[in-house]
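S.K.:
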Amino acid sequence: MKTIIEPFRIKSVEPIRMTTQEQRETVLREAGFNLFLVRATDVIIDLLTDSGTGAMSSEQWAGIMRGDESYAGADSFYRFQERIRELTGFEHILPTHQGRASERILFELVGGPGKVIPNNTHFDTTRANVEHSGAAAVDLPIAEAADPACLHPFKGNMDVAALERLIADVGRERIPLVMVTVTNNSGGGQPVSLENLRAVRAVCDRHGLPLFLDACRFAENAFLIKRREPGQAGRSVREIVLEMFGLADGATISAKKDGLANIGGLLLLRDETLLHRASNLLILTEGFITYGGLAGRDLEAMAQGFKEVVHEDYLAYRIRSVEYVGERLAAAGIPIMQPPGGHAIYIDAAALCPHIPREQFPGQAVVCGLYRIGGVRTVEIGSVMFGRSPARLELVRLAMPRRVYTQSHMDYVVEVCCELGSSRRELRGLRMVNEPPVLRHFTARFEEV
Ligand SMILES: *Cc1c(COP(=O)(O)O)cnc(C)c1O
1 MKTIIEPFRI KSVEPIRMTT QEQRETVLRE AGFNLFLVRA TDVIIDLLTD
51 SGTGAMSSEQ WAGIMRGDES YAGADSFYRF QERIRELTGF EHILPTHQGR
101 ASERILFELV GGPGKVIPNN THFDTTRANV EHSGAAAVDL PIAEAADPAC
151 LHPFKGNMDV AALERLIADV GRERIPLVMV TVTNNSGGGQ PVSLENLRAV
201 RAVCDRHGLP LFLDACRFAE NAFLIKRREP GQAGRSVREI VLEMFGLADG
251 ATISAKKDGL ANIGGLLLLR DETLLHRASN LLILTEGFIT YGGLAGRDLE
301 AMAQGFKEVV HEDYLAYRIR SVEYVGERLA AAGIPIMQPP GGHAIYIDAA
351 ALCPHIPREQ FPGQAVVCGL YRIGGVRTVE IGSVMFGRSP ARLELVRLAM
401 PRRVYTQSHM DYVVEVCCEL GSSRRELRGL RMVNEPPVLR HFTARFEEV
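Everything in the sequence shown is counted per the working numbering, starting at 1 for the first residue and increasing by one.
(1) If I follow the unbroken alpha helix (DSSP H) through Val-514, where does it start and stop?
(2) Identify every residue that forms a DSSP beta bridge with Ile-117.
(3) Given 7 Å as the limit, tell me if Thr-126 has its C-beta closer than that to any heavy atom belonging to ligand 1.
(4) Apart from the five residues on each side of it in sequence, which residues of its chain come closer than 7 Å, Cβ to Cβ, to Phe-288?
(5) Note down the Cα distance separating Arg-9 from His-311, rounded to an integer number of angstroms.
(6) Hey, which unbroken runs of the beta strand (DSSP E) at 3 residues or more fall wholly within the segment 408-443?
(7) Do you know offhand how far Leu-177's Cα is from Pro-95's?
(8) Under the rule that 16 or more other beta-carbon atoms within 10 Å means buried, what is Gln-21, buried or exposed?
(9) In terms of DSSP beta bridges, what is Ile-336 paired with?
(10) Can you list, in chain order, the residues of its chain with a C-beta nearer than 6 Å to that of Leu-284? Leave out the 5 residues immediately preceding and following it.
(11) Spatial neighbours of Leu-197 within its chain, please: CB distance less than 7 Å, with the 5 preceding and 5 following residues excluded, ordered by chain position.
(12) Opposite Ile-93 in the DSSP bridges: which residues?
(13) Please find out if some non-hydrogen atom of ligand 1 comes closer than 7 Å to the beta-carbon of Asp-214.
(14) Pull up the distance between the alpha-carbon of Gly-421 and that of Leu-398, whole angstroms please.
(15) Measuring only the C-alpha atoms, how far is Val-241 from Asp-313?
(16) Measuring only the C-alpha atoms, how far is Glu-30 from Gly-89?
(17) Can you grab the Cα-Cα spacing for the pair Val-366 / His-355, in whole Å?
(18) Name, in chain order, the residues that DSSP records as bridge partners for Thr-181.
(19) With DSSP as the reference, label Glu-40 as helix, strand or coil.
(20) Please report how far the alpha carbon of Phe-80 lies from the alpha carbon of Arg-235, in whole angstroms.
(21) Do you know offhand how far Gly-99's Cα is from Leu-268's?
(22) So, Gly-112 versus Ala-136, is the Cβ gap smaller than 8 Å?
(23) By how many angstroms is the C-alpha of Ser-321 removed from the C-alpha of Gln-407?
(24) Tell me the DSSP bridge mates of Gln-190?
(25) Short of 6 Å in beta carbon distance, which residues of its chain neighbour Met-385, apart from the five on each side in sequence? Order them along the chain.
(26) Please classify Gln-232 as buried or exposed, where buried requires at least 16 other C-beta atoms within 10 Å of its C-beta.
(27) When the Cα of Arg-83 is compared with those of Met-302, Arg-377, Glu-394 and Gly-382, which residue comes out closest?
(28) Taking three-plus beta-carbon pairs below 8 Å as touching, is the segment 182-191 in contact with the segment 361-376?
(29) Alpha carbon to alpha carbon, what distance is there between Val-192 and Ala-199?
(30) Below 8 Å between beta carbons: does that hold for Val-325 and Val-414?
(31) Apart from the five residues on each side of it in sequence, which residues of its chain come closer than 7 Å, Cβ to Cβ, to Arg-424?
(32) Going by the beta-carbon positions, is the gap between Gly-305 and Ala-261 smaller than 8 Å?
(33) Which first and last residues belong to the alpha helix (DSSP H) in which Phe-245 is found?
(34) Keeping to the same chain, check which residues put their C-beta closer than 8 Å to that of Ala-219; ignore five residues upstream and five downstream.
(35) Skipping 5 residues on each side, what residues in its chain have a beta carbon closer than 6 Å to that of Asp-159?
(36) Taking just the CA atoms, how far does Met-56 sit from Arg-206?
Following this line, the structure appears as structure tokens:
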């Protein structure tokens with residue numbers, strides 16, 4: 001087998017500013033050991049997030065020039081609509097400025113006090129928008145999702161029996177819709193199987209409930225279905241994507257992930273009444289229904305991005321590049337969440353640094369260590385982000401921007417992780433010295449213990 005190469009050439013480059021460990025030590029102290037407070041030019045490899053950080057293709061940049069900036073009925077909108085209809089089979093498509101705007105509109109319409117929204121695992125903005133409406137956000141992942149070492153191929157699946165129990169407990173009239181997140185971002189970028197989606201659909205049908213997808217990473221999910229699900233290897237990703245969307249009554253999507261765009265979102269709906277109400281809210285707070293808070297050129301970038309993302313050579317490269325980093329880290333004895341998901345590798349910081357107690361944020365210590373050693377920016381997903389809820393894993397996420405870094409960049413990241421692994425005893429815990437009241441991980445400051 002030959003190496004799976006990046007299926008693109010580089011036409012435009014963005015220089016990386018190299019820094020020394022000494023310089024990074026100063027940066028780290030000035031930023032209060034919080035990488036969200038570090039300037040991007042002080043970062044060598046930026047794995048903070050895969051959201052909106054991808055590289056656009058020459059065709060997308062060509063679309064940017066073609067963008068029709070008419071207020072209403074722009075050509076760019078019709079091209080975008082056509083492309084999304086083809087891809088998803090949905091007739092009604094509203095553009096929004098990003099995923100959370102779609103969530104805000106949806107839950108303002110169907111949420112509210114007393115309502116309950118089940119999901120395999122709510123992403124943080126989804127949960128926040130559900131709760132902002134007054135409704136309760138309930139996570140129903142399968143049990144295997146809680147064990148980082150477990151090799152289940154579809155750890156993103158929803159626990160279907162738990163969904164049945166929830167419906168029996170709270171009553172179907174309190175559940176406006178059931179949501180499934182593909183891939184399950186908060187659960188490690190793990191995919192959901194078609195079998196699981198069909199089973200959730202069957203439960204929804206039995207109780208007359210709509211099923212919505214949080215479909216930010218639908219293409220990575222579809223490719224992992226093709227790779228891992230029995231009987232799916234012979235199908236095209238496009239067919240699998242159509243079946244996934246075909247099982248749903250609606251979807252919220254951020255175009256900043258599998259849309260291969262730097263900004264944008266979508267709300268897909270089947271129900272005409274809901275569409276009418278959502279369109280009114282869109283006009284009220286985002287923009288007219290043919291641009292939804294975006295420029296015509298953004299719609300062009302999205303239209304082309306949603307076409308390119310289902311190319312199987314792209315997806316083979318994408319999934320392999322994440323898996324490659326995972327394999328090399330695991331081989332070096334760095335504990336990671338298994339198996340590697342679609343968009344990121346998660347290091348199990350509690351297992352890597354048993355000498356740092358949870359109160360001293362082992363994940364944040366690893367994040368600071370990776371930056372100090374190699375200028376690699378990652379993010380803590382553990383006690384800093386989620387507070388002191390007891391059952392949390394202490395993870396460090398290495399999110400891979402799409403089409404941005406090459407294999408030698410990734411080799412460098414692996415080397416930095418290995419160096420951290422062999423000097424882990426020297427890593428010190430952190431004390432939070434300034435704790436903001438909400439979403440503290442963005443602005444909190446720390447000191448080394
Ligand atoms: C990124 C993301 C969102 C929110 O999208 P934004 O474009 O960042 O507002 C919602 N759900 C999931 C699963 C995501 O990954």
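In this text, a Cβ means the ideal position worked out from N, Cα and C, and glycines have one as well.
M.R.: With the given structure in hand:
(1) Nothing in the structure corresponds to residue 514, since the chain is present only between 1 and 449.
(2) Ala-137
(3) yes
(4) Only Tyr-71 and Ala-72 meet the Cβ criterion.
(5) The alpha-carbon atoms of Arg-9 and His-311 are separated by roughly 16 Å.
(6) 430-434
(7) Taking the CA atoms as reference points, Leu-177 sits about 21 Å from Pro-95.
(8) It is exposed - the Cβ of Gln-21 has fewer than 16 other Cβ atoms within 10 Å.
(9) Ile-347
(10) Contacts found: none.
(11) Val-180, Met-244 and Leu-247
(12) Leu-268
(13) yes
(14) 15 Å
(15) Each residue's Cα considered, the two are about 16 Å apart.
(16) 50 Å
(17) 12 Å
(18) Asp-214
(19) Glu is not the amino acid found at residue 40; the sequence shown has Ala there. Three-state result, Ala-40: helix.
(20) Going by C-alpha positions, Phe-80 is about 25 Å away from Arg-235.
(21) 11 Å
(22) no
(23) 8 Å
(24) DSSP output for Gln-190 lists Asn-184 as bridge partner(s).
(25) His-441
(26) buried
(27) Met-302
(28) no
(29) 11 Å
(30) yes
(31) Leu-352 and Cys-353
(32) Yes, Cβ-Cβ distance for Gly-305 and Ala-261 is below 8 Å.
(33) 237-246
(34) Val-237, Val-241, Asp-258, Val-309, Val-310 and Leu-315
(35) Contacts found: Leu-140 and Ile-142.
(36) 43 Å
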